[in-house]
Amino acid sequence: MSRRHFLATTAAAAAAFTIVPRHMLGRRGYTPPSENINLAIIGVGCQGTHDMQQLMTREGTRVVAVADPVRRADYSKFYFRGFWDFGTGVMGDMGCHLLDTPMWVLDLGYPILV
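So, in structure tokens, the structure goes:
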């Protein structure tokens, strides 16, 4: 091997180590892509938004796509007396589910008069 060939090979090898990124050499502080979690979330509601925020705090987790996020709404303008004024609505549903158990326990039978 000539001196010229040796110097050229050594210079090329030294240059390769300066160009190669640190993840190729296994340096500390680098997380390989196989250890990262990429999330794509569809149909995010109120609970899903909270879960997504908790997942984003974990190291190695990334949210890359979100579809159908929950919209913020001003519920103070909602007509809350609607369930009283229009048929059974919520009150009828609550009466069906909440009053059923006491009637069984007290053995009251079916109501005759409402």
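Quick note: the sequence shown uses my numbering, first residue 5, plus one each step. We treat Cβ as the ideally placed atom computed from N, Cα and C, and that holds for glycine.
Residue i - partner residues in DSSP beta bridges
| i | result |
| --- | --- |
| T53 | According to DSSP, which records beta bridges pairwise, T53 is partnered with nothing at all. |
| I46 | A71 |
| I41 | T65 |
Sub-8 Å separation of residue i and residue j beta-carbons
| i | j | result |
| --- | --- | --- |
| V48 | V70 | yes |
| I45 | M56 | yes |
| R66 | L102 | no |
| T35 | G64 | yes |
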